[in-house]
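Report on the following structure.
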Amino acid sequence: MAPRGKTLVFDLETQYLANEVGGWSNIDRMLFAAGVVYVVDEGVYRHFLEADVPELIAELQAAGRIIGYNLLRFDYSVLRPYGLIVDHAMRQKSMDLMLDLYERLGFRPSLDSLAEATLGERKSADGLAAVAWYREGLIEKVLAYCEQDVRVTYKIYDFGMQHGYVQIRERSGRLRRVPVPWGAI
0 MAPRGKTLVF DLETQYLANE VGGWSNIDRM LFAAGVVYVV DEGVYRHFLE
50 ADVPELIAEL QAAGRIIGYN LLRFDYSVLR PYGLIVDHAM RQKSMDLMLD
100 LYERLGFRPS LDSLAEATLG ERKSADGLAA VAWYREGLIE KVLAYCEQDV
150 RVTYKIYDFG MQHGYVQIRE RSGRLRRVPV PWGAI
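Residue 119 in numbering that gives the first Met the number 0 sits at position 120 of the sequence shown, with consecutive numbering throughout.
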């Protein structure tokens, strides 16, 4: 049965780094800087700033499926202080690609390494740069970076759905196919 509501691909950037809030156990203190949602059914990207978080949370709650990379541990933790409730229904409709790959591989591949091995693409920057841009007031640059992460996440998800696998590069440099059941979900 198809999920009710729209399919969204989501990512966010933060105002602070983990080492500035006492470590990775304090993700909820990193504060929302900017976020992007790709509405798959409409082919539209939506941008959100901190003032827009209530609207973002409403959109996530109304979605039928939410796809992301480190969605459950990171993105949702950042949004909890803003009122996001991550209950059973929210977890059920959330497709965290990194968590799925961690369960298959025993380690967490980076989005960049997965994109390079699967799509032959690289990310334009990293979260450290996004925080620096935010602090410099370059919010459009943060949003563009976040949108690119959303685009790459969706392309990886779509590749996995279409082909039944994604790829990682092993330490030896050899490409390894990782079977994924995303077409059946």
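C-beta: ideal position from N, C-alpha, C; glycine also.
Keep in mind that this is a model prediction, so the values were computed, not measured.
Take residue i as the anchor and find which of the options has the nearest alpha-carbon.
i      : options                       : result
Leu127 : Leu100, Leu48, Tyr15          : Tyr15
Met89  : Met160, Val165, Arg64, Gly42  : Arg64
Asn69  : Gly119, Asp111, Ala57, Glu139 : Asp111
Thr13  : His87, Gly22, Tyr153, Val141  : Val141
Ile66  : Leu11, Ala32, Glu102          : Leu11
Which residues in the same chain have their Cβ closer than 6 Å to the Cβ of residue i, if we skip the five residues on either side of it in sequence?
i      : result
Val20  : Arg28, Met29
Gln166 : Ala116, Thr117, Leu174, Arg176
Val85  : Tyr75
Tell whether a beta-carbon distance below 8 Å holds between residue i and residue j.
i      : j      : result
Leu7   : Leu59  : yes
Tyr37  : Val149 : yes
Leu78  : Val52  : yes
Tyr156 : Leu96  : yes
Tyr133 : Ala17  : no
What residue does the alpha helix (DSSP H) around residue i start on, and which one ends it?
i      : result
Arg176 : Per DSSP, Arg176 belongs to no alpha helix (DSSP H); it is in the beta strand (DSSP E), 174-178.
Val165 : Not the alpha helix (DSSP H): Val165 falls in the beta strand (DSSP E), residues 164-168.
Gly126 : 126-134
Ile56  : 52-61
Glu115 : 110-118
Tyr68  : Careful: Tyr68 lies outside any alpha helix (DSSP H) and carries neither H nor E.
Rounded to whole angstroms, what is the Cα-Cα separation between residue i and residue j?
i      : j      : result
Gly4   : Leu104 : 31 Å
Leu83  : Asp74  : 10 Å
Gln147 : Val43  : 13 Å
Gly172 : Arg121 : 16 Å
Ala1   : Lys92  : Its pLDDT being 44, under 50, Ala1 is placed unreliably by the model, and nothing is read from it.
Glu49  : Val130 : 14 Å
Gly182 : Trp23  : 32 Å
Gly187 : Phe106 : Nothing about residue 187 can be reported from this structure: the residues present for the chain run from 0 to 184 only.
Ile26  : Glu41  : 31 Å
Arg170 : Leu137 : 36 Å
Please list the terminal residues of the continuous beta strand (DSSP E) segment that includes residue i.
i     : result
Arg3  : First-last for Arg3: undefined, no H or E at that position.
Tyr37 : 31-38
Leu48 : 43-48
Ser93 : 93-95
For residue i, which residues in the same chain have their Cβ closer than 7 Å to its Cβ, ignoring the five residues on either side in sequence?
i      : result
Pro108 : Leu100, Ile167
Take residue i and list the residues in its own chain whose beta-carbon comes closer than 8 Å to its own, dropping the five residues that flank it on each side.
i      : result
Tyr164 : Arg176, Val177, Pro178, Val179
Leu71  : Val85, Arg90, Ser93, Asp95, Leu98
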